[in-house]
Amino acid sequence: MDEEPTESLWVRIKGSTGAGDIIAGVCYRPPDQGDGADEALYRQIGAASHSQALVLIGDFNHPDICWRGNTAEHKQSRKFLECIDDNFLLQVIEEPTRRGAMLDLVLTNKDGLVGDVKLKGSLGCSDHEMVEFRILRAARRAHNKLTTLDFRRADFGLFRDLLGRLPWDKALEGRGAQDSWLIFKGHFLQAQERCIPTKRKSSKKHQEACMDEQRSSWAKSNKKKEAYRGWKQGQVAWEEYRETVQAAREQVRKAKALIEISLARDVKGNKKSF
């Protein structure tokens, strides 16, 4: 079966002695791209993510994704988020790159590999921001810093106005409970992103709380990658590979849920847990 064509280019940057190679990818996803081409792109991303160091940049045309809440309104955008989660990729752009939307992304599979990310204005007639960043050949050990909402600088008047002007009856008409919740959550987080600034602070306690769940998720991730290599080499049956993928995905979701429950349970006694 022929693979659907995608607008992507992949290169290998040879590392010096003792340093691994870096896989760099550039991608443009048209706004009207079909499901077949999307699936072909996701398979390329999945294969590239098995490298030790991956940097993928491009215009993916998913303006409805709220990266802070990891939610999206449209089905294709949710599938893209699922691809990102399944391959344990990090998205490092934090500001809109075109008319208030975050279309241009920088994805990596290694924390600390990409740094000094800056938006540098438009080039020529383009209405996209230029993105400048550095690939750090020896990935630095990142100091984990948590982003928290800065309510002291929040504009609650604008927040109420943004949510109040939405035609909720029309937006939720005919929707089930799950779809209605996702729509509300998406609009809520978008309004939050516009009206409530963030600040950073380190938290060793949060790192320790997450470490056990991360270790378990990483172990499942490694098993998933080993199963994928075995399947590609004909050493593992497709059913075994599929079961491993499902187990890894379930473990990641379970780890996220446990961390959220822990934060919710402890927040009254320790408001700094965030």
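Numbering (this note's numbering), first residue to last: 7 to 280.
Glycine is no exception: its CB is placed at the ideal position from the N, C-alpha and C atoms.
Treat the numbers as computed from the prediction; the structure is a model and nothing was measured.
One thing to note: residue 201 has its Cβ no nearer than 8 Å to the Cβ of residue 157.
Under the three-pair Cβ rule at 8 Å, the region 82-89 counts as touching the region 58-73. Around the C-beta of residue 183, fewer than 16 other C-beta atoms lie within 10 Å, and the residue is accordingly described as exposed. With contacts defined as CB atoms closer than 8 Å, residue 99 and residue 119 fail to qualify as a contacting pair.
Secondary structure at residue 57: coil, using DSSP grouped into helix, strand and coil. When DSSP states are grouped into helix, strand and coil, residue 62 belongs to the strand group.
For residue 121, the enclosing beta strand (DSSP E) has its first and last residue at 120-128. The straight-line gap separating the alpha-carbon atoms of residue 127 and residue 137 is approximately 8 Å.
Of the residues 192, 185 and 262, the one whose Cα lies closest to the Cα of residue 75 is 192. Following the DSSP letters along the chain, one finds residue 30 inside the beta strand (DSSP E) bounded by residues 28-34. DSSP places residue 112 within a strand segment (E or B) once states are collapsed to three. Taking the C-beta atoms as reference points, residue 103 is found nearer than 8 Å to residue 135. Excluding five sequence positions before and after residue 245, none of the CB atoms of its chain fall closer than 7 Å to its own CB. Relative to the Cα of residue 21, the nearest Cα in the group 203, 60, 107 and 196 belongs to 60. Looking at 81, 203, 239 and 139, the one whose alpha-carbon comes closest to that of residue 162 is 203. If you ignore the 5 residues before and after residue 122, its C-beta comes within less than 7 Å of the C-beta of 139 and 140, all in its own chain and listed in chain order. Residue 194 sits in a helix when the DSSP states are folded into three classes. Sequence-distant partners of residue 111 (beyond 5 residues in either direction) whose C-beta falls short of 6 Å from its own C-beta, in its chain, are 66, 97 and 99. Burial check for residue 248: the Cβ neighbour count within 10 Å stays below 16, so the residue is exposed. Residue range 81-92 is occupied by the alpha helix (DSSP H) that includes residue 83.
With 16 or more neighbouring CB atoms inside 10 Å of its own CB, residue 83 falls in the buried class.
Contact between residue 33 and residue 10 does not hold, since their C-beta atoms are separated by about 14 Å, which reaches or exceeds 8 Å. From the listed residues 40, 94 and 173, the smallest Cα separation to residue 56 is found for 94. Scanning its chain for C-beta atoms nearer than 6 Å, with the 5 sequence neighbours on each side dropped, one finds around residue 62 the residues 31 and 113, in chain order. In the three-state reduction of the DSSP assignment, residue 78 falls in the coil class, being assigned neither a helical nor a strand state.
In the DSSP annotation of this structure, residue 73 is not part of any beta strand (DSSP E), being labelled neither H nor E.
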